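Student: Which chain is which? The protein sequence lines are A and B, in order. Each residue of the first sequence is one higher than the one before, counting from 1 in my numbering. Each residue of the second sequence is one higher than the one before, counting from 1001 in my numbering.
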Amino acid sequence: MTTEMRTTPAIRTITYRQALNETLRAELLRDENVFLIGEEIGVFEGSYKITAGLLAEFGPQRVVDAPIAEEGFVGAAIGAAMVGMRPVVEIMTINFSLIAIDQIVNHAAKMRSMYGGQVAVPMVIRMPGGGGQQLAATHSQNLEVWYAHIPGLKVVAPSTPADAKALLTAAIRDDDPVIFLENLSLYSAKGEVPDGEQVAEIGKAAIVRTGTDLSIVSYSRGTTTALEVARQLEAEGLSIEVVDLRSLRPLDRDTICASVRKTGHAVVFEDDWLSYGIGAEISATIGEGVFDFLDAPVRRVAAAEVPLPYAKSLELAALPSAAALSRVVREVLNVAPLDK
Amino acid sequence: MATNTRPRTADSVEQAEPQAAEPREQRGEPAGQLRSYYERMSLIRAFELRSSEMYARAKIGGYCHLNLGEEATVVGLMEALQARDYLFVGYRDHGYALMRGLSPERVMAELFGKTTGVSGGRGGSMHMYDTETRLFGGYGIVGGQIPPATGVALALTYRQKPGAEAEAVMCLLGDGTTNIGAFHESLNLAGLWNLPIVFVVVNNKLGMGTTVERSSAEPELHKRGASYRIPGVRVDGDDVIAVRDAARAALDQARTLRRPVLLEVMCYRLRGHSVVDPARYRSADDTAVAQKADPVPAFRATLIAAGVLDEAAADAIDAEADARVTAAVEFAEKSPDPSPDDLFAYVYATPVANAPSALPGDPVTDAL
Ligand SMILES: Cc1ncc(C[n+]2csc(CCOP(=O)(O)OP(=O)(O)O)c2C)c(N)n1
Ligand SMILES: [Mg+2]
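And the structure:
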């Protein structure tokens, strides 16, 4: 209710899931051109319950349950966006977006420039990625770099409930196709979220923890691990800065370089595979931008390059962990390993 | 709107009668065979109930989709499929793996993620594969199995002549899966190239929480082959014999005439989409209909009524199924976890220079 007296605190602690849900609701209320479309988002209330309650409140024209036809309904959302609707698509997980990738890469990303600036495609594609839940090779991928590689797309990856809100609001109001990456392991994470309208600036990274010895650069779930490791290392007298990319395209190279210029050391922590991954781009940026300020080579902690196996023993070995990050930070700073 | 006569109600889907209206006990089936079908259905039932239990006890992880309610369909289809035929399944694949002849031990071990599992513990519930029995995979991506299944059928046309002894392909998919492009592209290819393949739509009325009527503009799914001139057949999936006979006829047509068939098998999913789905979106009425149709107790009652089994014999069969599953769980428990040393096994068939073998955080080179 908007009419009640403002007795609620200006900041609430809510989950990432709830932040997304509330933001979708607020934008549906604000702009009648906004509609949601995706598999199981209505009656089923979302595979991960992000859209819970929205069908009941807004009806089936604003919250559209689509058949299992990713290429079809993503492409249909593009068409609706071409005439000024603002579709917010949910793809159940990033893995299934591969079926729609032609529409996203060859069409949504190209139209504005290829048709000489005459058309805009104001749409959002929300989808979670991430491994670690034993969902096996086809359901555990981090394919963000596939989209981050494409000019014409914007790609954001919030790591906190507050950013989930502010970046989703910005994405919906943006006039370009925005890939909005969620993460299965973040949905239940809690954080402080300011009430009222919050609109992030897409394309900007954030220093989420300041430090002087080394910069960990990460995004999405990785940022939460980076913060955890930074806190542990603080107890040992190491001062770690954490750069949360928030936007993978465009990439805020200045913020990354400024951080490394200050600390002289950098480790990238990423959930995708090592070769040609997000970390490769960050390392290259640091190498080109602030090489002279580096006191040690940039290192990357990324997933082992295998189709992710189901068995827990193998999954744990393949995924980047806090322990691996902590070890590599020590190596870069040349401090003794913990357990040896 | 133009005249649109397509039926959109649930009734229209259910109204199609099973092909054989005769009571089951009068179909001239040998008693031993009927008994064996019941044993198989009972095994699948016991296996799936135990899988659900093991999931709740965190012995099984990830996604886990059960064949509960589909036992007659699974047994009937697999009875028709010959050892020389190829089988492609979706992710609801446990029962098919069992009926293909894989031991409950190896299937359960796969669910437990053990080296002794069907896919070495690497695939899990959704990804059972066994070269020997020509189980060519469970597939976790909706529709992912349909183009490769079509491709196996294409390969068969290079290697053998049509005929009663020829090999054929059976490709299973769910009702919801008929909406994905891969289904339509593959049916067109199969129709165009005269491929020996039977596409089986296991219509359990739901894709996750979405009914057929809410997802398919032509909800009589067997008619969806019409655009590709692929004949469609619909059969009662709660009737193991009707399913077997329909599948046999379809496979025969595929082998001997090299004509694909679209077989729609009508059944029910007894529980949620996967073990973690409480299926709250389902009305009490719909749940009651599904439970009433439950093919396992129904077949048991039929066989008892026909004098094929008595209560004691049926109980003994159920107890035996349970004991086999208990043994399977014990085997899975005792089996080894895959070693992280083998993480990179099987990534490539042909060894290649510089194939990645780094663990997270390893330096990229030791050349320094
Ligand atoms: C391309 C793709 N989109 C979405 C999903 C998620 N998903 C898994 S199963 C399923 C429903 C499929 O229903 P149906 O084909 O009827 O098979 P059933 O589960 O009933 O056996 C969905 C949407 C997926 N695995 N792959
Ligand atoms: Mg179904």
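Heads up, the beta-carbon is just placed ideally off N, CA and C, and yes, glycines get one too. Here the structure is a predicted model, which is why all the values come from computation and not from measurement.
1. Identify the residues that DSSP records as bridge partners of residue 192(A): which are they?
2. Given 6 Å as the limit, tell me if residue 1138(B) has its C-beta closer than that to any heavy atom belonging to ligand 1.
3. Show which residues of chain B have a CB atom less than 8 Å away from the CB atom of residue 321(A).
4. By Cβ distance below 7 Å, which residues in the same chain neighbour residue 174(A) in space, the five residues on each side in sequence not counted?
5. Check for me: the alpha helix (DSSP H) holding residue 1193(B) runs from which residue to which?
6. Sorry if obvious, but does the Cβ on residue 1270(B) come closer than 6 Å to a heavy atom of ligand 2?
7. So, helix, strand or coil for residue 275(A), using DSSP?
8. Comparing the C-beta of residue 107(A) with each C-beta of chain B, is any distance below 7 Å?
9. Just jot down, in chain order, the residues whose CB lies closer than 7 Å to any heavy atom of ligand 1.
10. Quick check: the Cα distance between residue 244(A) and residue 160(A), rounded to an integer number of angstroms?
11. Let's see if you can read the secondary structure: which residues bound the alpha helix (DSSP H) around residue 1055(B)?
12. Hey, residue 1198(B) and residue 1251(B): beta-carbon distance below 7 Å or not?
13. Are any of the Cβ atoms in chain A nearer than 7 Å to that of residue 1203(B)?
14. Check this for me: beta carbons of residue 1096(B) and residue 1065(B), under 7 Å apart or not?
15. If we ignore side chains and look at the alpha-carbon of each, how far apart do residue 1120(B) and residue 1045(B) end up?
16. For residue 1337(B), which residues in chain A fall below 9 Å Cβ to Cβ?
17. At the level of alpha carbons, what is the spacing between residue 73(A) and residue 312(A)?
18. Can you tell me whether residue 1343(B) is buried or exposed? The criterion is at least 16 other CB atoms within 10 Å of its CB, across all chains shown.
19. Got a sec, what are the start and stop residues for the alpha helix (DSSP H) residue 1126(B) sits in?
20. Can you give me the C-alpha to C-alpha distance between residue 41(A) and residue 1100(B), rounded to a whole angstrom?
21. Does residue 134(A) come within less than 7 Å of chain B when only Cβ atoms are used?
22. Taking all protein chains shown into account, do 16 or more other C-beta atoms lie within 10 angstroms of the C-beta of residue 1078(B), making it buried, or fewer, making it exposed?
23. Let me make sure I understand the geometry here. Which of 162(A), 211(A), 220(A) has the alpha-carbon closest to that of residue 185(A)?
24. Does DSSP put residue 1267(B) in a helix, in a strand, or in coil?
25. Taking just the CA atoms, how far does residue 1227(B) sit from residue 1188(B)?
26. The beta strand (DSSP E) with residue 313(A) in it runs from where to where?
27. Closer than 8 Å by C-beta to residue 285(A): which residues in its own chain qualify, once you throw out the five before and the five after it? Chain order, please.
28. Taking all protein chains shown into account, decide if residue 1031(B) is buried (16 or more other Cβ within 10 angstroms of its Cβ) or exposed.
29. Taking the continuous beta strand (DSSP E) assigned at residue 1076(B), which residues delimit it?
30. Just curious, the beta strand (DSSP E) that residue 65(A) is in, first and last residue?
31. I want to verify the contact list: residues of chain B whose CB lies under 9 Å from the CB of residue 65(A), in sequence order.
32. Could you pull the start and end residues of the beta strand (DSSP E) that residue 215(A) belongs to?
33. Within 7 Å (strictly less), CB to CB, does residue 269(A) reach chain B?
34. Judging by CA-CA distance, which residue of 14(A), 23(A), 60(A) is the nearest neighbour of residue 169(A)?
35. Verify whether the separation of the beta carbon atoms of residue 357(A) and residue 320(A) is less than 7 Å.
36. What is the C-beta distance between residue 1241(B) and residue 1042(B), in whole angstroms, given that I count them as a contact (C-beta under 8 Å)?
Tutor: Taking the coordinates as given:
1. Here residue 192(A) refers to the residue found at position 192 of the first sequence. In the DSSP output, where bridge partners are listed per residue, residue 192(A) has 13(A).
2. For the purposes of this step, residue 1138(B) is taken as residue 138 along the second sequence, with counting starting at 1. Because no heavy atom of ligand 1 lies under 6 Å away, the Cβ of residue 1138(B) does not count as near it: no.
3. Counting from one through the first sequence, the residue named residue 321(A) turns up at place 321. Ordered by position in chain B, the residues that pass the 8 Å Cβ test against residue 321(A) are 1360.
4. In the first sequence, counting from the first residue as 1, residue 174(A) sits at position 174. Excluding residues within five positions, the ones whose Cβ falls inside 7 Å are 122, 154, 202.
5. Taking the first residue of the second sequence as position 1, residue 1193(B) is located at position 193. Taken as a continuous stretch (DSSP letters only), residue 1193(B) belongs to no alpha helix (DSSP H), as it is neither H nor E.
6. Counted from its first residue, the second sequence places residue 1270(B) at position 270. Residue 1270(B): no, Cβ never under 6 Å from ligand 2.
7. For the purposes of this step, residue 275(A) is identified with residue 275 of the first sequence, where counting begins at 1. It is coil, neither helix nor strand.
8. Taking the first residue of the first sequence as 1, we reach residue 107(A) at position 107. Chain B, which has no Cβ nearer than 7 Å to the Cβ of residue 107(A), makes this no.
9. 39(A), 40(A), 68(A), 70(A), 92(A), 96(A), 99(A), 1065(B), 1090(B), 1091(B), 1092(B), 1140(B), 1141(B), 1142(B), 1143(B), 1173(B), 1174(B), 1175(B), 1176(B), 1177(B), 1180(B), 1202(B), 1204(B), 1206(B), 1207(B), 1208(B), 1269(B), 1273(B)
10. For the purposes of this step, residue 244(A) is identified with residue 244 of the first sequence, where counting begins at 1. For the purposes of this step, residue 160(A) is identified with residue 160 of the first sequence, where counting begins at 1. Answer to the nearest angstrom: the Cα atoms are 10 Å apart.
11. To locate residue 1055(B), count along the second sequence from 1; it is residue 55. From DSSP, the alpha helix (DSSP H) with residue 1055(B) extends over 1031 to 1056.
12. Translated into the one-based positions of the second sequence, residue 1198(B) becomes position 198. Translated into the one-based positions of the second sequence, residue 1251(B) becomes position 251. Yes, Cβ-Cβ distance for residue 1198(B) and residue 1251(B) is below 7 Å.
13. Start at 1 with the first residue of the second sequence, and residue 1203(B) comes out as number 203. For residue 1203(B), the answer is no, since every Cβ of chain A falls outside 7 Å of its Cβ.
14. Residue 1096(B) sits at position 96 when you count from the first residue of the second sequence. Residue 1065(B) sits at position 65 when you count from the first residue of the second sequence. Not in contact: residue 1096(B) and residue 1065(B) (Cβ atoms no closer than 7 Å).
15. Translated into the one-based positions of the second sequence, residue 1120(B) becomes position 120. Translated into the one-based positions of the second sequence, residue 1045(B) becomes position 45. So the two alpha carbons sit approximately 24 Å from each other.
16. The residue given as residue 1337(B) occupies position 337 in the second sequence. Going along chain A in sequence order, the residues near residue 1337(B) (Cβ under 9 Å) are 311, 312, 313, 314.
17. Reading the first sequence from its first residue, position 73 is the one you call residue 73(A). Reading the first sequence from its first residue, position 312 is the one you call residue 312(A). If I take the Cα positions, the gap works out to 35 Å.
18. In the second sequence, the residue the question calls residue 1343(B) occupies position 343. It counts as buried.
19. Here the question's residue 1126(B) lines up with position 126 in the second sequence. Neither: residue 1126(B) is in no alpha helix (DSSP H) and is coded neither H nor E.
20. Reading the first sequence from its first residue, position 41 is the one you call residue 41(A). Reading the second sequence from its first residue, position 100 is the one you call residue 1100(B). Taking the straight line joining both Cα atoms gives about 36 Å.
21. Within the first sequence, residue 134(A) is the residue found at index 134, counting from 1. Yes, its Cβ sits closer than 7 Å to a Cβ of chain B.
22. For the purposes of this step, residue 1078(B) is taken as the residue at position 78 of the second sequence. Classification of residue 1078(B): buried, given that the 10 Å Cβ count is 16 or more.
23. Here the question's residue 185(A) lines up with position 185 in the first sequence. Per the Cα distances, 220(A).
24. Counted from its first residue, the second sequence places residue 1267(B) at position 267. DSSP places residue 1267(B) in coil when its eight states are reduced to three.
25. In the second sequence, the residue the question calls residue 1188(B) occupies position 188. In the second sequence, the residue the question calls residue 1227(B) occupies position 227. Cα-Cα distance, rounded: 8 Å.
26. Taking the first sequence and counting its residues from 1, one reaches residue 313(A) at position 313. Unbroken run through residue 313(A) is the alpha helix (DSSP H), 312 to 318; no beta strand (DSSP E).
27. Counting from one through the first sequence, the residue named residue 285(A) turns up at place 285. The residues are 251, 253, 256, 257.
28. Within the second sequence, residue 1031(B) is the residue found at index 31, counting from 1. The residue in question, residue 1031(B), is exposed, as its Cβ has fewer than 16 Cβ neighbours within 10 Å.
29. In the second sequence, the residue the question calls residue 1076(B) occupies position 76. Element bounds for residue 1076(B): not the beta strand (DSSP E) but the alpha helix (DSSP H), 1071 to 1080.
30. Stepping through the first sequence from its first residue, residue 65(A) is reached at position 65. Per DSSP, residue 65(A) belongs to the beta strand (DSSP E) from 63 to 65.
31. Within the first sequence, numbered from 1, the residue matching residue 65(A) stands at position 65. Simply 1209, 1210, 1214, 1215.
32. Here the question's residue 215(A) lines up with position 215 in the first sequence. That run of the beta strand (DSSP E) goes 214 to 218.
33. Position 269 of the first sequence, counting from 1, holds the residue named residue 269(A). Judged by the 7 Å Cβ criterion, residue 269(A) is not in contact with chain B.
34. Residue 169(A) sits at position 169 when you count from the first residue of the first sequence. Comparing Cα-Cα distances from residue 169(A) to each of 14(A), 23(A), 60(A), the minimum goes to 23(A).
35. Beyond the ends of chain A as shown, which are 1 and 340, falls residue 357(A); an answer cannot be given.
36. For the purposes of this step, residue 1241(B) is taken as residue 241 along the second sequence, with counting starting at 1. For the purposes of this step, residue 1042(B) is taken as residue 42 along the second sequence, with counting starting at 1. Rounded, the Cβ-Cβ distance is 16 Å, inconsistent with contact.
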